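Read left to right, the sequence shown gives residues 1 to 388 (the UniProt record's numbering). Quick reminder that beta carbons are idealized off the backbone N, C-alpha and C, glycines included. Quick caveat: nothing in here was measured; it's all calculated off a predicted structure. Each remark here refers to the structure printed beneath this line.
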Amino acid sequence: MERTSPQGVNIKSQDKKDDFIAPTPHNTPIVTAPIHNRQHTSTTMAGSFTPNAQLVSDLQGKLGSLIGAPTGYIESLPASVQRRLDGLKCYQSEHAKLETEFHKEIFALEKKYLGLYKPLYEKRSQVVNGSLEPTDAEVEAGKKVDADSDDEAEEEPAAKTDDADSPVTGVPEFWLTCMKNHGQIDELISDRDQEALKHLTDITLEYLEDEHAFRLVFTFAPNEFFTNTKLTKTYFYQTNPSIGDIVFDHAEGDSINWNEGKDLTMAVESRKQRNKSTNETRVVKKNIPTESFFGFFDTIAIPEAPEEEDELDLLQDQIEADYEIGEEFKEKIIPHAVDWFTGKALEYEGLNYDDFEEDGEDFYGEESDDDDDDEPRSQQRAPECKQQ
Numbered sequence: 001m002e003r004t005s006p007q008g009v010n011i012k013s014q015d016k017k018d019d020f021i022a023p024t025p026h027n028t029p030i031v032t033a034p035i036h037n038r039q040h041t042s043t044t045m046a047g048s049f050t051p052n053a054q055l056v057s058d059l060q061g062k063l064g065s066l067i068g069a070p071t072g073y074i075e076s077l078p079a080s081v082q083r084r085l086d087g088l089k090c091y092q093s094e095h096a097k098l099e100t101e102f103h104k105e106i107f108a109l110e111k112k113y114l115g116l117y118k119p120l121y122e123k124r125s126q127v128v129n130g131s132l133e134p135t136d137a138e139v140e141a142g143k144k145v146d147a148d149s150d151d152e153a154e155e156e157p158a159a160k161t162d163d164a165d166s167p168v169t170g171v172p173e174f175w176l177t178c179m180k181n182h183g184q185i186d187e188l189i190s191d192r193d194q195e196a197l198k199h200l201t202d203i204t205l206e207y208l209e210d211e212h213a214f215r216l217v218f219t220f221a222p223n224e225f226f227t228n229t230k231l232t233k234t235y236f237y238q239t240n241p242s243i244g245d246i247v248f249d250h251a252e253g254d255s256i257n258w259n260e261g262k263d264l265t266m267a268v269e270s271r272k273q274r275n276k277s278t279n280e281t282r283v284v285k286k287n288i289p290t291e292s293f294f295g296f297f298d299t300i301a302i303p304e305a306p307e308e309e310d311e312l313d314l315l316q317d318q319i320e321a322d323y324e325i326g327e328e329f330k331e332k333i334i335p336h337a338v339d340w341f342t343g344k345a346l347e348y349e350g351l352n353y354d355d356f357e358e359d360g361e362d363f364y365g366e367e368s369d370d371d372d373d374d375e376p377r378s379q380q381r382a383p384e385c386k387q388q
């Protein structure tokens, strides 16, 4: 597992607005509009991103930025005013120390409540996977939740009677349906991915004991695609005293042990070659990278000093997108899974995906002209419920 070395990656590129605020755990939107059109306030551990000096330097040099350059105004102020400004900086520094403690306590509170949520998540997993049936009292309480939340809701049609000859176990394709009802995540799922994701039995959240970090754990039943029973993605944070926050540092994903010929992140390209001497032809097959949800588990390697402007822009976009998806799982999919399965979550998200357009850029890579059927369906609107 590759660990990225630079810390506090700056996700702001020079074509983004100066007032950009990084997405936070409790208010990250699920839409695919450019991130610089969104502004948020932060009260959680991931309230902002701290700059990486090397990346910022490269961006400034490549794009001719004047960010951070002195204007001469402060230097022109009288010495007495500059002295007062130094005093104000002292107060600001003390404020940052208190704010750091504030965010540490929020982080600790998140850990505490995850422990309280876990018994509910465990019951949910058991019901979804068929090892537990909810009690009659729990079922009635669930029906009451729907009645209380929407008095004007149309009466639902009667549920189908179970077929005694082929009983259904648990809730089939629960997590795949949750993910497909989330517009931003659905865009990452190719047709081939769906077959593998049907074997996804649980998605859980963990906090690391000795680090400011959280881990997403995807649990799979045995399947024909890979041998891993669990795939994880871990997001690390660091304390930044200068701004009084715990900020995003980097993410690490698991390596997937693909079975022979089952790598969903690769496609087979066939080309004919003709021998000039004999005029005989042969078919040469080559594996090429292709879009897949399982690219989410890749660790984004941050080069020491990116040289090309396009390389920097792509890196910025990848880091932004990867962080957002991680937060969507942590803050929305995992805690509200049943609402994403039924499609109810789309009601309180209040979003219409037709309002946003795609720019044609691959989520985890460069632009692609491949019209393969495995392309994620970026233009589709998320329906009320995509139960399989």
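For residue i, name the three-state secondary structure that DSSP assigns.
| i | result |
| --- | --- |
| V171 | coil |
| P119 | helix |
| E209 | coil |
| G253 | strand |
| K286 | strand |
| L231 | strand |
| I300 | coil |
| E105 | helix |
| L77 | coil |
| A267 | strand |
| T204 | strand |
| E133 | coil |
| T71 | coil |
| E328 | helix |
| K344 | coil |
| H95 | helix |
Note down the Cα distance separating residue i from residue j, rounded to an integer number of angstroms.
| i | j | result |
| --- | --- | --- |
| K104 | I246 | 7 Å |
| D84 | E99 | The sequence shown places Arg at residue 84, rather than the Asp named in the question. So the alpha carbons of these two residues sit roughly 23 Å apart. |
| A221 | D202 | 9 Å |
| K112 | Q318 | 31 Å |
| K144 | K344 | 15 Å |
| K180 | S190 | 11 Å |
| Y207 | W175 | 21 Å |
| T342 | C178 | 8 Å |
| E140 | H336 | 19 Å |
| K286 | Y348 | 46 Å |
| N275 | L264 | 32 Å |
| E269 | E291 | 14 Å |
| D86 | Y73 | 15 Å |
| L132 | Q126 | 5 Å |
According to DSSP, what are the bridge partners of residue i?
| i | result |
| --- | --- |
| F226 | W258 |
| T281 | R274 |
| V127 | Paired residue(s): none; V127 is not in a bridge. |
| Q238 | V247 |
| E187 | The partner list for E187 (beta bridge, DSSP) is empty, contrary to what the question assumes. |
| R215 | E206 and T234 |
| F220 | L200 |
Mind reading off the beta-carbon distance from residue i to residue j? Whole number of angstroms is fine, and I expect it under 8 Å.
| i | j | result |
| --- | --- | --- |
| D254 | F297 | 5 Å |
| L216 | L200 | 12 Å between Cβ atoms; not a contact. |
| D193 | F102 | Contact flag wrong, Cβ pair sits at about 40 Å. |
| T234 | E252 | 5 Å |
| A301 | I288 | Actually they do not touch by this definition, with Cβ atoms about 19 Å apart. |
Across the stretch 175–194 and the stretch 106–121, are there enough close Cβ pairs to call them in contact, namely three or more that are closer than 8 Å?
no
With a cut-off of 8 Å, do at least 3 Cβ pairs link the stretch 164–174 to the stretch 75–92?
-> Too few Cβ pairs lie closer than 8 Å, so no.
Next on the checklist: With a threshold of 8 Å, are at least 3 pairs of Cβ atoms found where one atom belongs to the stretch 87–102 and the other to the stretch 237–246?
Outcome noted: yes
Q.
Would the stretch 222–231 count as touching the stretch 255–270 if we require 3 or more Cβ pairs under 8 Å?
A. yes
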